[in-house]
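Undergrad: Residue numbers (our numbering): 15 to 419.
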Ligand code: FAD
Ligand code: NAD
């Protein structure tokens, strides 16, 4: 009898979690498992702010996929997904195509630019290893060039961060630790450096605990960040950005580096493949399938799951993507054994920790507020936990964070 073929697209948190659980749950004679990913490595998206600021080398945030998959059970294809032809049960790749009986789409998200002019051309993103490496290099280039020019251009030393969500704040935490090192390395006067964070909402980290937000803002301000709250980026230009606050006239802020960290949407492959989506995210069924397509599961940043308590979507996080991956692996094991009853997804929110550099953080864990060294320790526990869940103790020893004191 022909074995069903399970194809998993994307080796991020959701896809890798599905794969490593599936290789445990399903026997070699029960199904063929194929994992497709653009790169031969997985990167910890949740550590990219560190690689982007240059406080952690980009090789520390990635590891080889083949180190965590069982190659006797999983066929790994390094290729880029171009389109999903759901009616033909086929995935088109750059270098070929692959048929499936069951598909898991876990391709992550993309920056949401809301159609703002100039962002794609002139702003940097914190999206993957390539973009992080480019951003780190760009900032360093600005510092290195500053003293090369006869007429000093102080704008080279201005960095604008668009968005004070968790990504923007975590990046600022790393950046404020990195700047004194860069000043020292390139003989630049620290007082010439400007770091400006522009946030459209009336507060930093909208929706998060106000006491913790105040702590984060005062810590970052102390380290030199200027916050422009209730101010939206309207345009990015070769020289900086145009911002507007309420009814005030738009104004220009000159900056050599503009970082766009103002939100994510689902992967563009979703809309390109004709799935009904909201900002690239598909509202999945309780079993995490696409309505009308029982053979297709979507998890992670391209899926949309409603928090029934507040009737709003859960924010896309690694935490939810991994929990979805665990459930999908169990549901796929049931399907290949011809069981029709599948488990439904319930998010078990363990909390949120937001780093403010390597040595400081804020968080709510199991309902308790934490700040400072305690929160920073917790953040490293969370980082190591995701390594452990995917690659066990060996991966934690290889890539884990042990600088806890
Ligand atoms: P990803 O982990 O992004 O993986 C997607 C994978 O698909 C990647 O390997 C990518 O290379 C691959 N891929 C994409 N397109 C293609 C294609 N066309 N063909 C082939 N392969 C493709 N969440 C938390 O819970 N806690 C945190 O502390 C946290 N910190 C964060 C910090 C930063 C700086 C950022 C940016 C995000 C953070 N998040 C955090 C959010 C979290 O990283 C995402 O929600 C999570 O990565 C989503 O997982 P995913 O599996 O959907 O996608
Ligand atoms: P986000 O959507 O959470 O925050 C984006 C911020 O940008 C918002 O505060 C928004 O008001 C602001 N913004 C939007 N348009 C703007 C404009 N034109 N000008 C200025 N500001 C603008 O996005 P994110 O921070 O990238 O986070 C993405 C997801 O990843 C979220 O679900 C988040 O929870 C998760 N994440 C979690 C952590 C963590 O748990 N430590 C860290 C990073 C990201």
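Just so it is clear, CB atoms sit at the ideal spot from N, CA and C, and this is done for glycine as well.
State the DSSP-derived secondary structure class of residue 283, mapped to helix, strand or coil.
TA: In this structure, residue 283 counts as helix in the three-state DSSP scheme.
Undergrad: Can you tell which of 311, 349, 247 and 371 has its C-alpha closest to the C-alpha of residue 39?
TA: Among 311, 349, 247 and 371, the Cα nearest to that of residue 39 belongs to 349.
Undergrad: Go ahead and label residue 144 buried or exposed: buried means 16 or more other beta carbons lie within 10 angstroms of its beta carbon, across all protein chains shown.
TA: Burial call: exposed.
Undergrad: Which whole-angstrom value describes the C-beta separation of residue 150 and residue 67, a residue pair presumed to lie in contact below a C-beta threshold of 8 Å?
TA: Between residue 67 and residue 150 the Cβ distance is about 7 Å, and since that is below 8 Å, they are a contact.
Undergrad: Excluding sequence positions up to five away, which residues of its chain have a Cβ less than 6 Å from the Cβ of residue 45?
TA: Here the set comprises 17, 18, 20 and 350.
Undergrad: If you follow the beta strand (DSSP E) that residue 115 is in, where does it begin and where does it stop?
TA: It is not in any beta strand (DSSP E) - residue 115 carries neither H nor E in the DSSP assignment.
Undergrad: For the putative contact between residue 190 and residue 242, defined by C-beta atoms under 8 Å, what is the C-beta separation to the nearest angstrom?
TA: Incorrect: roughly 16 Å between the Cβ atoms, too far for contact.
Undergrad: Give me, in chain order, the residues of the same chain whose beta-carbon lies closer than 7 Å to that of residue 227; leave out the 5 immediate sequence neighbours on both sides.
TA: Within the same chain, residue 227 has close Cβ partners 217, 218 and 219.
Undergrad: Is residue 238 closer than 9 Å to residue 209 when the C-beta atoms are compared?
TA: The answer is yes: Cβ separation under 9 Å.
Undergrad: Find the nearest neighbour of residue 313 within the set 28, 345 and 258, judged by alpha-carbon distance.
TA: Residue 313 has its Cα closest to that of 28, out of 28, 345 and 258.
Undergrad: Distance check for residue 157 and residue 302, CA to CA, integer angstroms please.
TA: Between residue 302 and residue 157, the C-alpha separation is close to 47 Å.
Undergrad: Determine, using beta-carbon pairs with one atom in the segment 54-64 and one in the segment 72-84, whether at least three such pairs fall under 8 Å.
TA: These segments touch.
Undergrad: Assuming contact is defined by CB atoms lying nearer than 9 Å, are residue 88 and residue 49 in contact in what I supplied?
TA: Yes, the pair counts as a contact, with Cβ atoms nearer than the cut-off.
Undergrad: Are the CB atoms of residue 122 and residue 315 within a distance shorter than 9 Å?
TA: Cβ distance < 9 Å, so residue 315 and residue 122 count as in contact.
Undergrad: Any heavy atom of the ligand FAD closer than 8 Å to the Cβ of residue 123?
TA: Result yes, Cβ under 8 Å from the ligand FAD.
Undergrad: Can you list the beta strand (DSSP E) stretches of 3 or more residues lying completely in the segment 62-86, in chain order?
TA: Within the segment 62-86, the complete beta strand (DSSP E) runs of at least 3 residues are 76-78.
Undergrad: Please check if any C-beta of chain B sits within less than 9 Å of the C-beta of residue 250.
TA: Checking the listed chains, one finds no chain B in this structure; it contains a single protein chain.
Undergrad: To the nearest angstrom, how far is it from the Cα of residue 333 to the Cα of residue 166?
TA: Distance between the alpha carbons of residue 333 and residue 166: 45 Å.
Undergrad: Need the endpoints of the beta strand (DSSP E) that residue 51 sits in, please.
TA: It spans 46-51 - the beta strand (DSSP E) in which residue 51 sits, taken as one unbroken run.
Undergrad: Starting from residue 241 and walking both ways along the beta strand (DSSP E), at which residues does that stretch end?
TA: Taken as a continuous stretch (DSSP letters only), the beta strand (DSSP E) holding residue 241 covers 239-243.
Undergrad: Using DSSP's beta-bridge definition, name the partner residues of residue 336.
TA: None; residue 336 has no bridge partner.
Undergrad: Tell me, please, which residues DSSP counts as bridged to residue 160.
TA: Per DSSP, none; premise fails for residue 160.
Undergrad: Kindly give me the distance between the Cβ atoms of residue 131 and residue 249, rounded to whole angstroms, as I take these residues to be in contact under 8 Å.
TA: At roughly 5 Å, the Cβ-Cβ gap stays under 8 Å, so residue 131 and residue 249 are in contact.
Undergrad: Determine the closest residue to residue 400 out of 387, 364 and 382, with distance taken between C-alpha atoms.
TA: Closest option to residue 400, Cα to Cα, is 364.
Undergrad: Do you know how far the Cα of residue 203 is from the Cα of residue 346?
TA: Whole-angstrom Cα-Cα distance: 58 Å.
Undergrad: Using CA atoms only, rank isn't needed, just tell me which of 278, 85, 321 and 339 is closest to residue 182.
TA: Comparing Cα-Cα distances from residue 182 to each of 278, 85, 321 and 339, the minimum goes to 278.
Undergrad: Which word fits residue 94, buried or exposed, when buried means at least 16 other C-beta atoms lie within 10 angstroms of its C-beta?
TA: Answer is exposed; the Cβ neighbour count stays below 16.
Undergrad: Can you give the beta carbon distance from residue 340 to residue 31, rounded, assuming they're within the 8 Å contact cut?
TA: At roughly 6 Å, the Cβ-Cβ gap stays under 8 Å, so residue 340 and residue 31 are in contact.
Undergrad: Could you check if residue 23 belongs to the surroundings of the ligand FMN, using beta carbon to heavy atom distance under 8 Å?
TA: The ligand FMN is absent from the structure shown, which contains only the ligand FAD and the ligand NAD.
Undergrad: What are the boundary residues of the beta strand (DSSP E) that residue 125 is part of?
TA: 123-125 is the extent of the beta strand (DSSP E) around residue 125.
Undergrad: With C-beta atoms as the reference, is residue 254 less than 9 Å away from residue 272?
TA: Yes, the Cβ-Cβ distance between residue 254 and residue 272 is below 9 Å.
Undergrad: Who are the Cβ neighbours of residue 287 in its own chain at under 7 Å, not counting the five residues just before and after it?
TA: Same-chain partners within the cutoff: 97, 98 and 100.
Undergrad: Between the alpha carbons of residue 298 and residue 284, how many angstroms are there, rounded?
TA: Cα to Cα, the separation comes out at about 13 Å.
Undergrad: I'd like to know whether the C-beta atoms of residue 103 and residue 413 end up nearer to each other than 9 Å.
TA: No, the pair does not count as a contact, with Cβ atoms beyond the cut-off.
Undergrad: With which residues is residue 98 paired in a DSSP beta bridge?
TA: 105.
Undergrad: In angstroms with no decimal places, state the Cα-to-Cα distance between residue 416 and residue 354.
TA: Distance between the alpha carbons of residue 416 and residue 354: 44 Å.
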